[in-house]
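Asker:
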Amino acid sequence: MCPRGSRLAAWKHARRLRERLPMYSDYSGSGAAYLALLLILIPVILIFSLIFYVIASFFLMKVFDKAGVQGKWRAWVPVYNTMVLGKLGDVSPWIVLGAAVATGVLSQIPVIGWIFSIVAIAVLVMYAWRVGLKFGQDWYYLLLFLIPGIGVLIWLGILAFGSARWNPNIPPSPWANTFLADKTVWQGIPVQPGASVAGAAGYPGSGPAAPGAYPPPPAGYTPPAPGGSTPPPPPAPGGPGAPGEPPTAPEPPRP
């Protein structure tokens, strides 16, 4: 038989195990409940995100069609569709892309992430304001962005299905002469009036030439006269005949 001290120590150890068992079971129960909640929330979040994406892309497609953008597929490509919207709003698409990427990558850093998030929101407000102006909307329509999620859909829906027409002939943006301005030319996307783009073949402001087309001539260039022969002036009346014609012999005197 085991000594009395050994049996007492074993009994105390078993008692401690019984006291800790409910605590372990509570932890395992809360972990299972958290996992079950995630399994329910993740599909719901994915479904709502997909619905939001489809509706927003459909509205963007209508907006792009009003603005003269060629190719409905542009509205359905994530990130790229916001770059196109930025071009329509006189903001460089590369600024839009940089703000989006920086926010996504650095959003978890406490201070830097907040700064880039504010920058991304500022860029969004800038090109959304310009797009709204070209549809005849005032700035206070941007207050819809304060409604999380659905506010952007309401704003896009007003642009897409409203009676206002697209009119890009508005005053230049305050950042027209800065690095924020759009200076790119993308095929199928109309260049906005006043955009300072790099010309093709050394001609400033002309944009890339279409396939099979010639660049416009520089300022002050006078085209040559059309080819062809010019008929000689008619001979003067009573003058000598045409060159090379022999002179007539004088008549002999009559008797």
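Using our numbering, read the sequence shown as starting at 258 and increasing by one per residue.
C-beta: ideal position from N, C-alpha, C; glycine also.
Buried or exposed for TRP412, please, with buried defined as at least 16 other CB atoms from any protein chain shown within 10 angstroms of its CB.
Answerer: Reading the sequence shown from its first residue, position 155 is the one you call residue 412. Buried: at least 16 other Cβ atoms inside 10 Å.
Asker: Is the region 387-396 close to the region 361-379, with three or more CB pairs under 8 Å?
Answerer: They do not touch, by the three-pair rule.
Asker: Does the region 304-323 come close enough to the region 412-422 to have 3 or more Cβ pairs within less than 8 Å?
Answerer: Yes: the two stretches touch, three or more of their Cβ pairs being nearer than 8 Å.
Asker: Counting beta carbon pairs with one atom in the region 431-443 and one in the region 333-352, are three or more of them shorter than 8 Å?
Answerer: Because the criterion of three Cβ pairs below 8 Å is met, the region 333-352 and the region 431-443 touch.
Asker: For GLY451, which residues from the same chain have a beta carbon less than 6 Å from its beta carbon, with the 5 sequence-adjacent residues on both sides left out?
Answerer: What you label residue 451 is simply residue 194 of the sequence shown in a count that begins at 1. Closer than 6 Å at Cβ, skipping near neighbours: PRO429.
Asker: Grouping DSSP H, G and I as helix and E and B as strand, with all else coil, what is VAL334?
Answerer: Translated into the one-based positions of the sequence shown, residue 334 becomes position 77. Note: VAL334 maps to coil in three-state DSSP.
Asker: At what residues does the alpha helix (DSSP H) containing ALA438 begin and finish?
Answerer: As a first step, residue 438 must be located in the sequence shown, where it is residue number 181. Unbroken run through ALA438: none, as it is neither H nor E.
Asker: Can you give me the Cβ contacts of PHE373 inside the same chain, cut-off strictly under 8 Å, excluding the 5 residues immediately before and after it?
Answerer: Walking along the sequence shown from the start, residue 373 turns up at place 116. Answer for PHE373: ALA356, ALA359, THR360, LEU363 and SER364, listed in chain order.
Asker: Are there 16 or more other CB atoms within 10 angstroms of the CB of GLN449, so buried, or fewer, so exposed?
Answerer: Sequence index remark: in the sequence shown, residue 449 carries index 192 (1-based). Flag for GLN449 reads buried.
Asker: Can you find the residues in the same chain that come closer than 7 Å, C-beta to C-beta, to PRO425, ignoring five residues on each side of it along the sequence?
Answerer: As a first step, residue 425 must be located in the sequence shown, where it is residue number 168. These residues qualify, in order along the chain: LYS391, GLN449 and PRO450.
Asker: Got a sec, what are the start and stop residues for the alpha helix (DSSP H) VAL362 sits in?
Answerer: As a first step, residue 362 must be located in the sequence shown, where it is residue number 105. Where VAL362 is concerned, the enclosing alpha helix (DSSP H) stretches over 350-363.
Asker: Tell whether a beta-carbon distance below 8 Å holds between VAL388 and LEU345.
Answerer: Residue 388 sits at position 131 when you count from the first residue of the sequence shown. Residue 345 sits at position 88 when you count from the first residue of the sequence shown. Yes. Within cutoff.
Asker: Between the C-alpha atoms of PRO447 and VAL311, what's the straight-line distance to the nearest angstrom?
Answerer: For this step, residue 447 is matched to residue 190 along the sequence shown. For this step, residue 311 is matched to residue 54 along the sequence shown. Spanning the two alpha carbons is a distance of roughly 25 Å.
Asker: The alpha helix (DSSP H) spanning ALA377 covers which residue range?
Answerer: Residue 377 sits at position 120 when you count from the first residue of the sequence shown. That run of the alpha helix (DSSP H) goes 367-391.
Asker: PHE402: which of VAL382, LEU303 and GLN327 sits nearest, CA to CA?
Answerer: Position 145 of the sequence shown, counted from the start, is the residue given in the question as residue 402. The residue with the shortest Cα to Cα distance from PHE402 is VAL382.
Asker: Could you pull the start and end residues of the alpha helix (DSSP H) that LEU410 belongs to?
Answerer: Indexing the sequence shown from 1 puts residue 410 at position 153. First-last of the alpha helix (DSSP H) with LEU410: 407-418.
Asker: Give me the Cα-Cα distance between LEU342 and SER306, rounded to the nearest whole angstrom.
Answerer: Translated into the one-based positions of the sequence shown, residue 342 becomes position 85. Translated into the one-based positions of the sequence shown, residue 306 becomes position 49. Between LEU342 and SER306, the C-alpha separation is close to 20 Å.
Asker: Beta-carbon within less than 8 Å of VAL336's beta-carbon, same chain only, minus the 5 sequence neighbours each way: which residues are those?
Answerer: As a position in the sequence shown, residue 336 is number 79, starting the count at 1. Counting only Cβ-Cβ distances below 8 Å, and skipping sequence neighbours, we find LEU354 and ALA357.
Asker: Sorted by chain position, which residues of the same chain lie with C-beta nearer than 6 Å to TYR384's C-beta, five sequence neighbours on each side aside?
Answerer: Looking up residue 384 in the sequence shown gives position 127. Hits under 6 Å: GLY343, GLY346 and VAL348.
Asker: Expressed to the nearest angstrom, what Euclidean distance is found between the alpha-carbon atoms of ALA313 and ALA293?
Answerer: Working through the sequence shown from its first residue, we reach residue 313 at position 56. Working through the sequence shown from its first residue, we reach residue 293 at position 36. ALA313 and ALA293: Cα-Cα distance of roughly 31 Å.
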